[in-house]
Amino acid sequence: MSTDPEFGGLSIAYDFGPKDAQKTLVILHGFNFHSGIFTLLLPLAEEKGCRIVLVNRRGYPGAAPYSEADWDLIRRSHDETAEGADAMSRFMHNRGGDVHAFLVDFVRTADPPIKKHSIIVVGWSFTAAWPAICRAVLSV
Numbered sequence: 212m213s214t215d216p217e218f219g220g221l222s223i224a225y226d227f228g229p230k231d232a233q234k235t236l237v238i239l240h241g242f243n244f245h246s247g248i249f250t251l252l253l254p255l256a257e258e259k260g261c262r263i264v265l266v267n268r269r270g271y272p273g274a275a276p277y278s279e280a281d282w283d284l285i286r287r288s289h290d291e292t293a294e295g296a297d298a299m300s301r302f303m304h305n306r307g308g309d310v311h312a313f314l315v316d317f318v319r320t321a322d323p324p325i326k327k328h329s330i331i332v333v334g335w336s337f338t339a340a341w342p343a344i345c346r347a348v349l350s351v
């Protein structure tokens with residue numbers, strides 16, 4: 212899996228369970244911990260016959276760092292102004308783009324190929340909205 216920013220800069224930390232499973236659960240970690248926080252779920256993959264993919268987001272082990280432009284949006288988002296709210300909105304929109312690019316790369320490079328309608332994307336805590344933002348990015 213690439214950590215090249217054109218693929219969202221995200222990284223697979225753990226990929227566990229049958230590669231040809233009927234369902235693939237992709238989990239995005241929250242703010243303070245990397246995806247290792249979810250490793251207790253991995254034994255369930257074999258038991259339930261699903262594939263679990265734990266993803267590290269930008270700035271965490273194996274993933275690309277945030278760009279300087281993203282850091283600028285983060286700094287500006289702390290302002291309690293319309294400009295600060297706009298900066299946060301653009302930062303989160305970019306993260307939805309990261310998730311989309313990651314999923315496209317993940318599906319495109321999967322071996323064996325991933326079945327249609329078989330991926331479930333879950334965001335925990337800070338990333339809870341990212342799957343919905345990803346969908347919004349696609350509709351723009």
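Under our numbering, the first residue of the sequence shown carries the number 212, and numbering increases by one thereafter. We put the CB at the ideal spot given by N, CA and C, even for glycine.
Between the alpha carbons of G228 and P342 lies a distance of about 22 Å. Rounded to whole angstroms, the separation of the alpha carbons of P324 and S336 is 30 Å.
DSSP, read as helix, strand or coil, puts D226 in strand. For N243, no beta strand (DSSP E) encloses it, and the DSSP letter there is neither H nor E. CA-CA distance, F249 to V266, rounds to 10 Å.
Burial is judged here by how many other beta carbons sit within 10 angstroms of a residue's own beta carbon; I344 has at least 16 and is buried.
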